[in-house]
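J.: Respectively, the protein sequence lines represent chains Y, D and R.
Numbering-wise (my numbering), the first sequence opens with residue 1 and increments by one.
Numbering-wise (my numbering), the second sequence opens with residue 1 and increments by one.
Numbering-wise (my numbering), the third sequence opens with residue 1 and increments by one.
We treat Cβ as the ideally placed atom computed from N, Cα and C, and that holds for glycine.
Since this is a predicted model, take the numbers as computed values, not measurements.
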Amino acid sequence: MLIESMTSLGVPELVAQLIYAGLVAFMCINFVAVYAGLISVVERRVAAKMQSRVGPNRVGPNGWLQWLADGVKLILKEDLIPAGADRLLFKAAPMIMAVGVAASFAVLPWGPAHAIAADLNVGILYLISISALVVIGILMAGWASNNKWSLLGGMRAAAQIVTYEVPVAMGLLPAIMIAGSLAVSDLVNAQGWAPWDWVAFDNPFAMLGFLLFLTGSVAESNRTPFDLTEAESELVAGYSTEYSGFRFAMFTLGEFANTWVVGAISAAIFLGGGLVPPILANVPGAAVGVFILKTLFMVFVLMWFRWTLPRFRIDQMMDFSWKYMLPLALLAFFGQSIYFLATWDSLVAQSVVSHLMVLIFLGVFFVFINRVLINYRHQATVVNSYKTETDYLVKTGKIVLAAPKEAAADSSEQEEG
Amino acid sequence: MGKSLKTEIMTINMGPQHPSTHGVIRFIIKTDGEIIHECIPDVGYLHRSIEKIAEAVSWQGFVPYTDRVDYLAAMNANWAYCTAVEKMIGAEVPRRAEFIRVIVGELNRISSHLIAIGATAMDLGAFTPFIQLLREREYINDLLEMACGARLTYNYISIGGVNWDVPPNWTEKIGEFLDHFELAMEQMNRLISYNRIFINRMANLATVSAETAIDYCFVGPNLRASGVKYDLRKDIPYSVYPELDFEIPVGEGREGAVGDCYDRYYVRAMEIRESIKILRQALKMMPEGEFQGKVKNNIKPEAGVAYVRHETPRGDTGYLIQADQKTSPYRLKIRTGSFTAMAAIPELAQGVFIADLVAIIGSLDVVAPELDR
Amino acid sequence: METQNILPLLQSKTQGALELIEDAYGATIKVPAEALLEVCRAAKESPELAFDCLMSQTGSHVGESIQLFYVLFSYQHKHELILTSEVPLGGSIDSVAGLWAIADWLERETFDLLGVSFKGHPDLRRIMLPEDWEGHPLLKDYPTPMEYNGIDNSPSEITQSFKVK
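1. Anyone know if the C-beta pair for residue 253 of chain D and residue 208 of chain D falls short of 7 Å?
2. My understanding is that residue 234 of chain Y touches residue 358 of chain D, with C-beta atoms under 8 Å, so please give their C-beta distance in whole angstroms.
3. Indicate whether at least one CB of chain D lies closer than 7 Å to the CB of residue 11 of chain R.
4. Measuring alpha carbon to alpha carbon, tell me which of Y/135, Y/291, Y/11, Y/118 ends up nearest residue 25 of chain Y.
5. With respect to 6 Å, is the separation between the Cβ of residue 162 of chain Y and the closest non-hydrogen atom of the ligand NAD below this value?
6. List, in order along the chain, the chain D residues whose C-beta lies closer than 8 Å to that of residue 36 of chain R?
7. Span of the alpha helix (DSSP H) holding residue 185 of chain Y?
8. Going straight from the alpha carbon of residue 365 of chain D to that of residue 199 of chain Y, what length do you get?
9. Taking residue 31 of chain D as part of the beta strand (DSSP E), name the residues at either end of that continuous run.
10. Select from Y/72, Y/105, Y/9 the residue whose C-alpha is nearest the C-alpha of residue 262 of chain Y.
11. Just list the residues that DSSP pairs residue 323 of chain D with in beta bridges.
12. In angstroms with no decimal places, state the Cα-to-Cα distance between residue 353 of chain D and residue 64 of chain R.
13. Under 8 Å, CB to CB, which of the residues in the stretch 336-354 of chain D have a partner in chain R?
14. Can you confirm whether residue 18 of chain D, when its beta carbon is compared against all beta carbons of chain R, has any partner nearer than 7 Å?
15. Measure from the C-beta of residue 216 of chain D to each C-beta in chain R and report whether the shortest distance is under 7 Å.
16. Check distances from the C-beta atoms of the stretch 232-247 of chain Y to those of chain D and list, in chain order, the residues that come in under 7 Å.
17. Counting C-beta neighbours from all protein chains within 10 Å, is the total for residue 119 of chain R 16 or more, i.e. buried, or is it exposed?
18. What residues of chain Y sit near residue 123 of chain D, judged by a beta carbon separation below 7 Å?
19. Any C-beta of chain Y sitting closer than 7 Å to the C-beta of residue 358 of chain D?
20. Using a C-beta to C-beta distance shorter than 8 Å, which residues of chain D count as neighbours of residue 52 of chain Y?
21. Whose Cβ in chain Y lies nearer than 7 Å to the Cβ of residue 200 of chain D?
22. Hey, how far is the Cα of residue 278 of chain D from the Cα of residue 238 of chain D?
23. Report the neighbours of residue 307 of chain Y on chain D: residues whose CB is nearer than 7 Å to its CB, in chain order.
24. Which same chain residues end up closer than 8 Å to residue 211 of chain Y when comparing Cβ atoms and leaving out the 5 residues on each side of it in sequence?
25. When the Cα atoms are used, what is the spatial distance from residue 101 of chain Y to residue 351 of chain Y?
26. From residue 260 of chain Y to residue 254 of chain Y, what distance separates their C-alpha atoms?
27. Which first and last residues belong to the beta strand (DSSP E) in which residue 13 of chain D is found?
28. Would you list, in chain order, the members of the stretch 36-67 of chain R that have their beta-carbon closer than 9 Å to a beta-carbon of chain D?
29. Taking Cβ to Cβ, would you say residue 40 of chain R is nearer than 7 Å to residue 87 of chain R?
30. Helix, strand or coil, according to DSSP, for residue 318 of chain D in the structure here?
31. What are the residues of the stretch 37-49 of chain Y that lie near chain D, defined by any Cβ-Cβ distance shorter than 7 Å?
32. Under a CB-based cut-off of 7 Å, is residue 100 of chain D close to chain Y?
33. Please work out which residues of its chain come closer than 6 Å, Cβ to Cβ, to residue 32 of chain R, disregarding the five sequence neighbours upstream and downstream, and give them in chain order.
34. So, with DSSP's three-state summary, where would you put residue 41 of chain D?
35. Would the stretch 113-129 of chain D count as touching the stretch 148-156 of chain D if we require 3 or more Cβ pairs under 8 Å?
36. If you measure between the beta carbons of residue 146 of chain R and residue 156 of chain R, is that distance less than 7 Å?
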C-alpha cells in the first residue's frame with residue numbers, strides 16, 4: 001500500500017521498497033527495545049511475587065520505569081574490553097545476537113493473519129534459521145572474551161542449539177502438515193477462533209508437537225531450566241562474564257526480546273493467533289488484543305518455568321533432547337500423518353477429537369488450579385509478623401498482658417533496684 | 001571408542017569470588033572440557049587465627065568469638081564452647097537454662113539447615129526455594145532476636161546458663177511459628193526436594209561410603225547420610241536430650257546410592273522435621289526457675305587436656321582445650337565439620353562435571369569461616 | 001574401653017615406653033615420637049581397639065618443645081583415646097596420613113600453625129596461611145608481623161588510644 005502510493009508519486013520502486021523496509025525495521029527495533037525493557041520489569045515483578053518479595057518499586061509509578069533507569073545506567077557505564085580479547089569479535093558478538101533476535105520479528109504476525117512485515121512463503125524456515133544466528137553471537141562472545149568461564153558458556157550454547165534445533169523444527173511439523181504451507185499467514189488462517197479449531201487441540205499429536213516446540217524454544221532462548229550458557233552458580237555469568245555497559249545491555253535485550261518471539265510463534269501457529277469470533281470481526285484492535293494476550297500468556301509461562309525449576313546438567317540436557325524429545329518428535333510427525341489418513345473423509349471424527357482434546361485440557365487445568373489454590377492457602381496460614389510486638393497475640397487471645405499499672409510499678413521497682 | 005582425540009587439560013580458577021563457593025574458598029580445577037580431572041581446594045582466605053586469640057582472652061571472653069567460628073549456627077557454636085568449659089570447671093546448669101539452650105539451639109539448627117538446603121537448590125539454578133527458605137529463616141531470626149537482641153552473632157549462651165531470661169510470650173510465638181513452618185516446609189519439599197530435575201542432578205553423585213566417611217572424619221548430617229547412625233545427642237547425650245523423643249534420620253539411598261548428594265540433602269530436610277518435634281516437646285517441658293547457674297567470674301580450670309564434642313548443625317564439633325590454671329586457655333583447638341568435609345573434596349570431585357562440583361560443595365554444607373577459623 | 005585398659009594392649013604392640021598421664025579431665029597416653037606411627041597403626045588395626053577415625057590432631061607449644069595431640073575415636077566400639085607425643089621446636093614426626101585420610105589436612109594445619117614437619121606426608125604445604133608467610137603463629141613466642149607484602153599492620157593511633165595501659 002505504502003509502496004504503491006510512493007511509486008505513483010514517481011519514486012522508483014526499489015527506493016520505495018527500501019524506504020518501506022527501513023520504516024518497518026525502525027518500528028521493529030523500537031518495539032524490541034521497549035518490549036524488552038518492559039518485560040524485564042514484568043519478569044522481576046513476577047519473580048518477586050513468586051518469592052514473597054516486592055521487586056523493583058522505586059523508579060516511576062510502582063517501579064514501572066525501572067527499565068529506563070537500567071538502560072541509562074548501562075549506557076553510561078564504562079565499556080570494558082579485556083586485554084587479551086579478540087577486539088573485533090568481542091564488539092561484534094552482542095550486535096549479532098541482537099540482529100538475530102530482531103530479524104526474526106520480520107515474519108512474526110501482529111494480530112490479523114495478514115499483518116506481517118514480510119509474509120515469506122518459507123516464513124517458518126526463515127524463523128528457524130535466523131534465530132540460530134543468536135548462538136553464533138553467544139559463541140563469538142564466549143570465544144572472544146579470553147575467559148575460560150565465557151568459553152565454557154559459549155561451547156554449551158553451541159551444543160545446546162544444535163541439540164534442540166531438531167525437536168523444535170520437528171515439533172512444528174504437525175502444524176505445517178495441517179496448514180499445508182510454510183508461510184506464517186497460512187499457518188494462522190488454517191485455524192479458527194475457537195480452541196477446538198486451534199492446532200494445539202486438533203489432535204493428540206499436534207498437542208505433542210506443541211509441547212515439544214515449547215520445551216525446545218525454552219532451551220533455544222537459554223532460559224531456566226536450560227540456562228546452562230549463563231549458569232551463574234557454575235560459570236559466573238557464562239558468555240557475558242566480561243561484558244559491561246551497552247554491550248551487556250544488548251545481550252539482555254536480545255534475551256528478553258526472544259521471549260516475545262517464542263510467545264508469538266506459539267500463539268500464532270498453535271493457539272489460533274489473532275483470529276477472533278465473527279461478532280468481534282469489525283471491532284478495531286480486537287485481533288491485535290487477542291493476539292497480544294495470547295503471546296503474553298506464553299511469555300508468562302516461560303517466566304513460570306524459569307522461577308520454578310532447577311537447571312539441567314549438560315549431559316542431562318543432551319540426553320533429554322536426543323533420547324526423549326527426538327523420538328517423541330518423530331512420533332508426533334508419523335502420528336499426525338496416520339491421523340490424517342485415518343480421518344481424511346470424516347469431519348465428524350476430527351471435530352469429536354478436537355473437542356475431546358479441549359475437554360481433557362480443561363480438566364487438567366482445573367486440577368492444576370486446585371493444587372495451586374491449596375498451596376496458596378497453606379502459604380497464607382500464619383504469615384504474621386513475629387516481631388517483638390505482642391499485638392497479634394493479644395488480639396487473638398493467646399496471651400494476656402499484665403495490667404499497665406502493675407507494669408509501671410514493676411519498672412519503677414527495677415529502676416530503684 | 002577407538003582412537004581418542006588428543007585433548008589438552010585446562011586449568012580453571014574457581015573462586016575466591018565465585019558465586020557458589022559459599023564464602024571465600026578457592027578451587028583450582030583441571031578440566032577436560034566440562035569434566036574435572038583434579039580439584040585442589042585452596043582454603044584459608046577467612047583465617048582469623050581465632051585459636052590464637054583464645055590464648056589471650058578470658059574464658060568467658062572467648063564466647064563472642066565462637067559466634068564468628070560458625071555464623072550460620074552461632075547459638076550452637078556458643079553452646080559447644082560453653083559445654084566444654086562447664087565440663088572442665090564442673091559447673092551446674094539450671095534446668096530452665098538447659099531447656100532454653102535446647103530451644104535456641106534447635107531453632108538455630110533449623111535456620112542453618114534452611115540455608116544449607118536453600119543454597120544447594122540455588123546452586124542448581126532454582127532461585128525460588130532459596131528465597132522462600134530465607135523468608136522462613138527471618139522468622140527464626142526474629143524469635144532469636146526476641147531472646148537475645150541479636151540476629152546473627154548472638155553471644156547468648158554463657159558459661160553456666162544463658163545471659164538473659166526469655167521474654168514472657170516467647171514460647172507462644174515459637175508455637176505459632178512452628179504451626180506455620182511445618183506446612184511451609186512441606187510446601188518447600190514439594191517444590192524442590194521431589195523435583196525430578198533436582199533429584200536427577202543430586203542422585204548417585206559423589207557417593208561416600210560409610211568407610212570413606214569415617215576415614216575422612218565426616219561428622220553430623222554428612223556422616224549420617226552415609227548410613228552411619230551416630231548423633232551425639234543420642235549416643236553421648238548431653239543437656240536434656242535424653243528426656244526428649246526424636247529420631248535420627250540416616251541416608252537410605254532414597255533416590256540412588258546410600259551417601260550420595262541427595263541423601264546428604266535429604267537428611268538435612270528430615271532433621272528439620274525432627275528439630276520441630278524436639279522444639280514442640282521442649283516448649284511444653286520448659287520449667288520456671290533460674291536461667292544462670294553460679295559460676296565464678298574468674299574461672300581457672302585445673303591443668304590438663306580435655307576433648308569435648310558437641311552436635312552442631314554441621315556435625316560433631318570437637319573442642320580440644322589445654323588448660324594451665326590460668327585465666328585464659330593455654331591452647332584451644334576447634335575441629336569443625338566443614339574442615340573435614342572440605343578435605344574430602346579432591347577425592348569426591350574426580351571425574352564429575354563442573355556443575356556437579358557446585359552441587360557437591362552445596363550438599364556438604366561447607367561454611368567458609370568455620371572451615372578457616 | 002577406658003584409656004587405662006587400652007594402655008597394656010598398645011604396649012604389647014610396641015617397643016617404645018608408653019606412659020599414662022592422668023589429669024583432672026581424664027587420661028591420655030604419652031607416646032615417644034619414634035613409636036607414634038607404630039602405636040597408631042596398632043590402635044587402628046587391632047580388632048579390640050579399632051580406632052577407625054582420627055577425630056582431631058593438633059599441637060601446643062610447651063617450653064622448648066611441641067606437644068602433639070591425636071584424638072582417636074572408634075565408631076565400632078564407641079570409645080575415645082587421646083595420644084600425646086613430644087617433638088622439639090621445628091622437629092619432625094612420622095605422618096599418620098597413610099592410616100586416616102583426614103590426617104592429611106589436619107597435619108598440614110599443624111605444620112602451618114606450629115611448624116612441625118611430618119615425615120612421609122603426601123603434600124606438606126601451608127594450608128591456612130599464604131605460601132610466603134614467615135613463622136608459625138600458634139607458637140607462644142610468635143611476634144605479630146608489622147608488615148606483609150607491603151600491607152601495613154602496625155597498630156593505628158586509635159587502636160593504641162584504646163589500649164589498657
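T.: The answer reads as follows:
1. no
2. 5 Å
3. no
4. Residue Y/118 is the option with its Cα nearest to residue 25 of chain Y.
5. Absent from the structure shown: the ligand NAD. Ligands present: none.
6. Within chain D, no residue comes near residue 36 of chain R; the closest Cβ sits about 17 Å away, beyond 8 Å.
7. Secondary structure note for residue 185 of chain Y: its alpha helix (DSSP H) is the uninterrupted segment 184-189.
8. 49 Å
9. 26-32
10. Y/105
11. According to DSSP, which records beta bridges pairwise, residue 323 of chain D is partnered with D/304.
12. 49 Å
13. 339, 340, 342, 343, 344, 347
14. no
15. yes
16. Residues 232, 233, 234, 236.
17. It is exposed - the Cβ of residue 119 of chain R has fewer than 16 other Cβ atoms within 10 Å.
18. 233
19. yes
20. 131, 132, 135
21. 316
22. 14 Å
23. 127, 128
24. 171
25. 37 Å
26. 10 Å
27. 10-14
28. 52, 53, 54, 55, 56, 57, 58, 59, 60, 61, 62, 67
29. no
30. strand
31. Under the 7 Å Cβ criterion, the stretch 37-49 of chain Y contributes no residue.
32. no
33. Around residue 32 of chain R: 16.
34. DSSP, read as helix, strand or coil, puts residue 41 of chain D in strand.
35. no
36. no
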